[in-house]
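A.B. asks: Residue numbers (this note's numbering), protein chains in the order written: chain A, 1 to 289; chain E, 1001 to 1318.
C-beta: ideal position from N, C-alpha, C; glycine also.
The structure presented is a predicted model; accordingly, all values stated were derived computationally and were not measured.
This is the structure, below, for whatever I ask next.
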Amino acid sequence: MENQYKIRSPFFYAVMRLISNRAALVSGVLLFLIVLMAIFAPLITTTSYEEQKFLMNSLAFPSQAHWFGIDDLGRDLFSRIIYGARVSLTIGFAAAVCSVFIGLPLGALSGFYGGKVDWIIMRIIEVFSVVPPLIAALLLAALVDGGFFSIIFIAGIFGWVQVCLLVRAQVMAFKEKEFIRSSLALGASPMYVIFVHLIPNSISPIIVGFVQAIPLAMMLEAGLSFLGVGIQPPLPSWGQMINLGINFMFFYWHMALFPTLALAITVLVTTLFGDGLRDALDPTLKGKS
Amino acid sequence: MNKVLELKNVSKIYSETKNITNFLSKNEDNFVAVDNVSFSLESKKVLGLVGESGSGKSTCALMAMKLLDITEGEIFVNNNNITNLNLQELKKYRKEMQIVFQDSYSSLDPMMTISKIIIEPFIIHKLHSTNERNEIAIDLLEKVGLNKTYTNRYPHELSGGERQRVSIARALALKPSILVADEPTSALDVCVKAQVINLLQDLQDEMGLSILFISHELNVLRSLADNITVMYRGRVVEEAPTEQIFANPIHPYTKSLLDAIPKLDPSLRKRRTFIDDNYIQSNIPIFNLNDVKFVSKDHSDIGFVEVDNNHFVEAKVT
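Shown next as C-alpha cells:
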C-alpha cells in the first residue's frame, strides 16, 4: 500500500489546479497571445505605427485591408493597437511589479509590528490617498519630464497603497494565529516568520493587488498621455488612442471602439488569470473545482 | 526536587494606551489578566493547570514560553532567569521548551506540507542536512503514530487528531525537556482525546518530558497529572497533588469544579447549580494561623497557606 502512494511536488498540484480552471486557462492563453503579439509586432503588422500611408483614406471604416480601419492621420489602426500593446502592457506590468515591491514589505512590517511602525506607514498611506493621483502625477511628470520610465515610477508610487493595505490586513489576521506563535516558540526571528509564513500566506491579496495595479497603471498612463505629459506621440498607447477616438466617436466609432476593446480585454484577461493563479497557489483548495 | 520551569510572582496587566493620539490623556484602563502567580514544574512530572475560561491559564503558558511580555515577575528555566533575555539569547532556551496549542488547525501553516512543518525546527536552528531532516521527520511521524504517507499532505487534509499529532511531532523535534500543552485535547472527541493523552504519556516516559498540561477538564488531568494548580480570575487559589485535590478540595472554586464533573451513576444525576463570584468571595476558607503554615501574604488578610503536606490554598488568616 505504502509504495503505491506517489509523492508529487506541491508545484505539480498548483499547475494541475490552474489547468483544471477553464476560465483561467483560456485567459492565460489569451494573455500569452497578447504578449506574443506585442513582442512580434513587426511580423504581424504590414505598416509601421507612424507611417501615414493612407492619408487619402483617413478615417476609413474597417475593411479587409485595414481590419480596424484608419485613423484621422491616415495610419493603420490595427498596427497602432498592436504596437500600443507594447507600451500599455509594459507600463501595466512594470508598475504592478513596482507596487508590489513597495507595498509588500511595508504592508508586512506594518501588520506584523503594529504600534509606531504601523502608525507611521498608515499616515504615509493617508497622504497618498488624500492627494488625487492624476494631479500629483501631472506635477511629478512635469518635474521629471514625462516619458516611459517616469510613468512606471509614478504609477508605482500610487499603486503600492492598495497592495500595502491588502497585505497589512492579511498579516494582521494571521500574526495572532498559533502557527506563528509556534514558529516564534521554536526560536524563529521576526524576519523568518514574515518571509516564511506571513508572505506565502498573503499570496492571494498580493495577486489581487498586483492584478488591480495593472489597469490602474494603464489608465493613469492613458490620462497622462492625453494631457500631454505621458507617452509622447507618435509612439502609440491605448490610452492615448482612446482619448483621441473620443473626439470622433459619433461619426467614426472604430477609432474609439478598438483601443477600448483592446484595453478591456487585456484587463479582463489579466484579472481572470490572476484569480486562477491565486486559487491554484492556495493548497487548501486542492481537489476542488 | 529539581524545578525545570518556575514562574515567580508573575503578573500580566493589559493597559489601554490606545495609540499615539491618546497618549496625552492619562485615563488608562488596566485589566489584570494574571495576578501575582507562582508555580513550578518539577523534572519529569506533569503539572495540571486548571481553571475556567479567562482565568489566565493560557496567558501563563504564553508568558512561560516568553511569547507574551511579562508585566511583573520572573521566569526560570532550569534555574536560569530568562525574564529579560533578548531574542538571540533566548534561542538556546527555545530548544528546551516547546508548546502545543488547542487549535490544531491554526497551529499548522496551511501553505506548508506536513514534512515541511516538522522540519521547520531544524531549519530555524540550522541543524542536520536536508536528507537527515527528512529521515528525522519520518521518524517523528512514526513516533506520534502517523506514517510517511503523510509527508506530502497539507494540514487541511488531516483530521483534528492527526493534526494534533503533527503539532506534537513538531514540538518534540528538538528533543525539549519541557512541553507546555495548552488545552491540546479540548477540541477533540472523546476517543481521539484518549489517544492523544496516551501518546503524551508514552512520550513522557520515553523522552523524560516535564509537561505543563493546561486544561479545564479535571477528569483528563486526573489520569495524567501528578500535581494540580487551580486558577481563578488570574490567581492561583489551590495547589496540591492530584489525589489530594480530588479527595479534599478546600477552596470553593475547586469544589465547584469537581462538582461539575458529570456523574456516571444515574441516581446521582442532578441539575447542576452554578456558583457566582460573590459566593466564592464570601466562602473563602478561613484558617487560624496556629493550624497552618503561612506561605505568603499580599492582600490585607488573604494569603496562601499550606494546610497539609504540599497542599496550598488561598485563604483568610486570622
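Quick one: list the residues of chain A neighbouring glutamine 1098/E, beta-carbon separation under 7 Å, in chain order.
C.D. replies: Ala185
A.B. asks: Is alanine 188/A close to chain E? Criterion is C-beta to C-beta, closer than 8 Å.
C.D. replies: Alanine 188/A has a beta carbon lying within less than 8 Å of a beta carbon in chain E.
A.B. asks: Pull up the distance between the alpha-carbon of lysine 288/A and that of arginine 17/A, whole angstroms please.
C.D. replies: In this prediction, lysine 288/A has a pLDDT of 47, which is less than 50 and means its spatial position is unreliable; nothing more can be read from the coordinates.
A.B. asks: Please report the straight-line C-alpha distance between proline 133/A and valine 211/A, rounded to a whole angstrom.
C.D. replies: Roughly 18 Å between the two C-alpha positions.
A.B. asks: Is it buried or exposed for alanine 1191/E, if we count other Cβ within 10 angstroms and need 16 for buried?
C.D. replies: The displayed chain sequence assigns cysteine, not alanine, to residue 1191/E. Its Cβ having fewer than 16 others within 10 Å, cysteine 1191/E is exposed.
A.B. asks: Quick one: what does DSSP say threonine 270/A is sitting in, helix, strand or coil?
C.D. replies: Helix, per DSSP.
A.B. asks: Closest to glutamate 973/E by CA distance: which of Asn1227/E, Tyr1093/E, Arg1153/E is it?
C.D. replies: Absent from the model: residue 973/E. The displayed extent of chain E is 1001 to 1318, so no value can be given.
A.B. asks: For the beta strand (DSSP E) containing threonine 1229/E, name the first residue and the last one.
C.D. replies: 1227 to 1232
A.B. asks: At a Cβ threshold of 8 Å, is tyrosine 1014/E touching chain A?
C.D. replies: no
A.B. asks: If isoleucine 207/A and leucine 272/A are in contact, beta carbons under 8 Å, what's the gap, nearest whole angstrom?
C.D. replies: Incorrect: roughly 12 Å between the Cβ atoms, too far for contact.
A.B. asks: Tell me the DSSP secondary structure of leucine 1005/E in three-state form.
C.D. replies: strand
A.B. asks: How many Å lie between asparagine 201/A and alanine 24/A at the Cα?
C.D. replies: Between asparagine 201/A and alanine 24/A, the C-alpha separation is close to 21 Å.
A.B. asks: Nearest chain E C-beta to proline 200/A closer than 8 Å, yes or no?
C.D. replies: yes
A.B. asks: For arginine 1170/E, return the contacting residues in chain A, with the cut-off set at a CB-CB distance below 9 Å.
C.D. replies: Ser182, Leu186
A.B. asks: Assuming serine 27/A and valine 269/A form a contact by the criterion Cβ under 8 Å, report the distance between their Cβ atoms to the nearest whole angstrom.
C.D. replies: 4 Å
A.B. asks: For chain A, find out if any of its Cβ atoms is closer than 8 Å to the Cβ of leucine 1087/E; answer yes or no.
C.D. replies: yes
A.B. asks: Report all residues from its chain with a CB closer than 8 Å to the CB of glutamine 4/A; omit the five preceding and five following residues, and keep chain order.
C.D. replies: Unreliable placement is indicated for glutamine 4/A, whose pLDDT of 46 sits below 50; the coordinate value is still reported in the next sentence. Closer than 8 Å at Cβ, skipping near neighbours: no residue.
A.B. asks: May I have a chain-ordered list of the alpha helix (DSSP H) segments no shorter than 4 residues that lie completely inside the region 4 to 38 of chain A?
C.D. replies: Correct list: 10 to 20.
A.B. asks: Could you spell out where the alpha helix (DSSP H) holding leucine 1212/E opens and where it closes?
C.D. replies: Element bounds for leucine 1212/E: not the alpha helix (DSSP H) but the beta strand (DSSP E), 1210 to 1215.
A.B. asks: Over the uninterrupted beta strand (DSSP E) stretch that includes histidine 1125/E, give me the two end residues.
C.D. replies: From DSSP, histidine 1125/E is part of no beta strand (DSSP E) but of the alpha helix (DSSP H) over 1114 to 1125.
A.B. asks: What's the call for asparagine 1312/E, buried or exposed, on a 16-neighbour Cβ count within 10 Å?
C.D. replies: This sequence places phenylalanine at residue 1312/E; asparagine is not what is there. Taking a 10 Å sphere around the C-beta of phenylalanine 1312/E, we find 16 or more other C-beta atoms and assign the residue as buried.
A.B. asks: Could you give the DSSP three-state label for phenylalanine 1039/E: helix, strand or coil?
C.D. replies: Correct three-state label for phenylalanine 1039/E: strand.
A.B. asks: Helix, strand or coil for glutamate 1142/E per DSSP?
C.D. replies: helix
A.B. asks: Find the residues of chain E that neighbour glutamate 126/A, judging by a C-beta separation of less than 8 Å, and give them in chain order.
C.D. replies: By Cβ distance, chain E contributes nothing, its closest Cβ being about 13 Å from glutamate 126/A, past 8 Å.
A.B. asks: Against chain E, with Cβ distances strictly below 8 Å, would proline 283/A count as a contact?
C.D. replies: yes
A.B. asks: Could you spell out the range, first to last residue, of the alpha helix (DSSP H) harbouring aspartate 1205/E?
C.D. replies: 1190 to 1207
A.B. asks: Which of the three DSSP states, helix, strand or coil, is assigned to leucine 140/A?
C.D. replies: helix
A.B. asks: Between the region 1177 to 1188 of chain E and the region 1120 to 1139 of chain E, can you find at least three pairs of beta-carbon atoms closer than 8 Å?
C.D. replies: no
A.B. asks: Using a Cβ-Cβ cutoff of 8 Å, what residues of the region 163 to 177 of chain A are near chain E? List them in chain order.
C.D. replies: Lys177
A.B. asks: Since valine 163/A and serine 99/A are thought to touch, with beta carbons under 8 Å apart, how far apart are those beta carbons, to the nearest angstrom?
C.D. replies: 5 Å
A.B. asks: Quick check on the burial criterion: 16 or more other C-beta atoms within 10 angstroms. Buried or exposed for glycine 274/A?
C.D. replies: buried
A.B. asks: Secondary structure at asparagine 57/A, three-state DSSP: helix, strand or coil?
C.D. replies: The answer is helix: DSSP assigns asparagine 57/A an H, G or I state.
A.B. asks: Would you call the region 1195 to 1207 of chain E and the region 1085 to 1097 of chain E in contact, with 3 or more CB pairs under 8 Å?
C.D. replies: Too few Cβ pairs lie closer than 8 Å, so no.
A.B. asks: Classify glutamine 1281/E: buried if its beta carbon has 16 or more other beta carbons within 10 angstroms, exposed otherwise.
C.D. replies: exposed
A.B. asks: Less than 8 Å between the beta carbons of glutamate 1306/E and arginine 1235/E, yes or no?
C.D. replies: no
A.B. asks: Provide the residue(s) that pair with arginine 1235/E in DSSP beta bridges, ordered along the chain.
C.D. replies: Arginine 1235/E pairs with Tyr1232/E.
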